[in-house]
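Have a look at the structure below before the remarks.
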Amino acid sequence: MVVYSFFIFDRHCECIYIRQWLNNTPSVAQPLSRPVTASSVATVATSVAEKPAPGSRLSMAEQAKLVFGVIFSLRNMVKKLCGPEDSFLCYRTGHYKLHYYETLSSLRFVMLTDIRTESLKSSLHQIYVNLYVEYVVKNPLSPVEHAGGEGVNNELFELGIDGFVRTID
Amino acid sequence: MLRHRQLPVHSLQSSIIIIIVISPRTADTSSLGLLIGIIITTMVVYAVLILNKAGGLIYQRDFNPGLQKLSSNDYLILAGTFHGVHAITSQISPTNETSSSGLEVLESENFVMRCFQTLTGTKFLIFAEPRQQNLDVVVRRVYELYADYVMKNPFYQIEMPIRSEGFDRHLTSYIKPHQ
Numbered sequence: 044m045v046v047y048s049f050f051i052f053d054r055h056c057e058c059i060y061i062r063q064w065l066n067n068t069p070s071v072a073q074p075l076s077r078p079v080t081a082s083s084v085a086t087v088a089t090s091v092a093e094k095p096a097p098g099s100r101l102s103m104a105e106q107a108k109l110v111f112g113v114i115f116s117l118r119n120m121v122k123k124l125c126g127p128e129d130s131f132l133c134y135r136t137g138h139y140k141l142h143y144y145e146t147l148s149s150l151r152f153v154m155l156t157d158i159r160t161e162s163l164k165s166s167l168h169q170i171y172v173n174l175y176v177e178y179v180v181k182n183p184l185s186p187v188e189h190a191g192g193e194g195v196n197n198e199l200f201e202l203g204i205d206g207f208v209r210t211i212d
Numbered sequence: 005m006l007r008h009r010q011l012p013v014h015s016l017q018s019s020i021i022i023i024i025v026i027s028p029r030t031a032d033t034s035s036l037g038l039l040i041g042i043i044i045t046t047m048v049v050y051a052v053l054i055l056n057k058a059g060g061l062i063y064q065r066d067f068n069p070g071l072q073k074l075s076s077n078d079y080l081i082l083a084g085t086f087h088g089v090h091a092i093t094s095q096i097s098p099t100n101e102t103s104s105s106g107l108e109v110l111e112s113e114n115f116v117m118r119c120f121q122t123l124t125g126t127k128f129l130i131f132a133e134p135r136q137q138n139l140d141v142v143v144r145r146v147y148e149l150y151a152d153y154v155m156k157n158p159f160y161q162i163e164m165p166i167r168s169e170g171f172d173r174h175l176t177s178y179i180k181p182h183q
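Each protein sequence line maps, in turn, to chains A and B.
When the letters of the first sequence are read in order and numbered with my numbering, they come out as residues 44 to 212.
When the letters of the second sequence are read in order and numbered with my numbering, they come out as residues 5 to 183.
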């Protein structure tokens, strides 16, 4: 199976972590910018995150915004159709599959894989419990709110994610 | 030694795997098929929705309890939202293929939804029980019924809500044949 990319969104609906894997070689984690506002467009446009990733039509930051829009709408749709205790797990298109896991604190983990992958709900839960809680929440130097991805981008977490994705393969 | 026999289930009925433990001295197991055959299975398609190419809801029908009852306004909102989401999902494809299809299968804890988009942009949504098999077949058959009893109806105005008794009747007899 192939893992394409991985996103974490915090409870303020902001993307705090993006990781992309192309052709099974991990790319460098890209620095994240604050949400684009009219006044900051000029500065953000020059940042690394806004440059289109090679081989992809959208930049990763733009893709993260679209992914968030989709999971937010689908989550609300599912909750409306089946009551508040139901949760959206994944969806599949002809070319990829998106897996979703939301913690009680509204932290959202999203992973894009190829379509043959089975449900990754437990894997995303493991990432939360074994990597996010261990290396981000328990890190005394990490801030409480991860504005712009601050605190999530640490080396142990990166290595952990890399190792974990290799074990899923 | 244990012998296992698995029932090939009907396409529209829930998958039930039946394992029968028999004595190793039993030579003839052919009669077991009859035993399995009498087990009654339940139908599990919750609802069918049809969206026109502009994202408007033109048909909505519940078949089995499982989804919450929504007002007709909520269904219209849901259809419009889904139409937008479907367009976005084809944009965020991480692969390099230029023509990416939109959302096809959506899974949640309590249901699975199959979406089929025709070449003209009409979308068929089938809501069913999780782990329901062969929803592709069901959705194609619903499309066939739509072509036969809606599109061939000379009084049907295209892109408008479907009010066709023949379509209703045939859809019911396909999805809930025993009731």
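Using N, Cα and C, we set each Cβ at its ideal position, and we do this for glycine too.
Can you tell me whether residue i is buried or exposed? The criterion is at least 16 other CB atoms within 10 Å of its CB, across all chains shown.
i      : result
B/A58  : exposed
B/P98  : buried
A/F152 : buried
A/T80  : Bear in mind that a pLDDT of 37 at A/T80, under 50, signals an unreliable position, so the model cannot answer this.
B/S177 : exposed
A/C58  : buried
B/G170 : exposed
B/R118 : buried
B/G125 : exposed
B/E148 : exposed
B/Q64  : buried
A/V180 : exposed
B/F96  : Note that residue 96 of chain B is Ile in the sequence shown here, rather than Phe. It counts as buried.
A/A96  : Only weak support is given to the placement of A/A96: the predicted model assigns it a pLDDT of 48, under 50, and the value that follows is read from those uncertain coordinates. Label assigned to A/A96: buried.
B/K156 : exposed
A/L75  : With a pLDDT of 48 at A/L75, under the threshold of 50, the modelled position of this residue cannot be trusted; read the value that follows with caution. Answer is buried; the Cβ neighbour count reaches 16.
A/N196 : buried
Using alpha carbons as the reference points, say which of the options lies closest to residue i.
i      : options                        : result
A/Y139 : A/D157, A/T146, A/V45, A/I59   : A/D157
B/L123 : B/V52, B/N56, B/V49, B/A51     : B/N56
B/A132 : B/P165, B/E169, B/D78, B/K180  : B/K180
B/G84  : B/P134, B/L53, B/D140, B/P158  : B/L53
A/L167 : A/T210, A/P186, A/N182         : A/T210
A/L141 : A/N182, A/A190, A/L101, A/F111 : A/F111
B/V109 : A/S148, A/R62, A/S162          : A/S162
Indicate whether residue i and residue j have their beta-carbon atoms separated by less than 8 Å.
i      : j      : result
B/S105 : A/T136 : yes
B/N77  : B/Y50  : no
B/V146 : B/S168 : no
A/L117 : A/F131 : yes
A/F200 : A/A107 : no
A/V113 : B/V89  : yes
B/P134 : B/E163 : no
B/L107 : A/Y134 : yes
A/K123 : B/L82  : yes
A/P186 : A/G192 : no
A/G206 : A/Y178 : no
A/M103 : B/F86  : no
B/I62  : A/L109 : no
State the Cα-Cα distance for the pair residue i and residue j, rounded to the nearest angstrom.
i      : j      : result
A/L174 : A/V45  : 20 Å
A/W64  : A/Y47  : 5 Å
A/E105 : A/Y171 : 24 Å
A/D129 : B/P158 : 42 Å
A/E188 : A/D53  : 8 Å
B/P165 : A/L184 : 59 Å
B/D172 : B/Y150 : 10 Å
B/D152 : B/Y79  : 25 Å
A/G126 : B/S75  : 14 Å
B/L129 : B/Q136 : 14 Å
A/Y143 : B/E113 : 12 Å
A/H55  : A/L155 : 22 Å
B/D186 : B/F115 : Here chain B covers residues 5 to 183 and nothing more, so residue 186 of chain B does not appear.
B/V142 : B/L175 : 10 Å
A/V208 : B/Q161 : 52 Å
B/D140 : B/Q121 : 12 Å
B/G70  : B/R144 : 22 Å
A/L101 : A/F115 : 20 Å
B/P72  : A/E198 : For the sequence presented, residue 72 of chain B should be read as Gln rather than Pro. Distance between the alpha carbons of B/Q72 and A/E198 is about 45 Å.
B/S94  : B/N100 : 12 Å
B/N138 : A/N182 : 48 Å
Is there a Cβ from chain C that is less than 8 Å from the Cβ of residue i?
i      : result
A/L155 : Note that chain C does not occur in the displayed structure, where the protein chains are A and B.
Using a Cβ cut-off of 8 Å, pull out every chain A residue sitting near residue i, in sequence order please.
i      : result
B/L71  : L124, C125
B/T124 : Correct list: empty, because the minimum Cβ distance to chain A is about 18 Å.
B/D78  : K123
B/L82  : M120, K123, L124
Could you name the residues of chain B that residue i contacts, counting a contact when the two beta carbons are closer than 9 Å?
i      : result
A/S116 : T85, F86, G88, V89, I92
A/S148 : Going along chain B, no residue has its Cβ under 9 Å from A/S148, so there is no contact; the nearest lies around 19 Å.
A/S48  : P98
By the criterion of Cβ-Cβ separation under 8 Å, what are the contact partners of residue i in chain B?
i      : result
A/Y178 : Per Cβ cutoff of 8 Å: no residues; A/Y178 is ~25 Å from chain B at best.
A/V113 : V89, I92, T93, I96
A/G137 : S104, S105, E108
What residues from chain A crowd round residue i, counting only those whose CB sits closer than 9 Å?
i      : result
B/Q95  : R100, L101, Q106, L109
B/L139 : Those within 9 Å of B/L139 in chain A number zero; the least Cβ separation is about 12 Å.
B/E111 : F131, L132, C133, Y134, R135, S162
B/L74  : K123, L124
Give the residues of chain A in contact with residue i, contact being defined as C-beta atoms less than 7 Å apart.
i      : result
B/K114 : The residue asked about is misnamed: residue 114 of chain B is Asn in this sequence, not Lys. Within 7 Å Cβ-Cβ: C125, D129.
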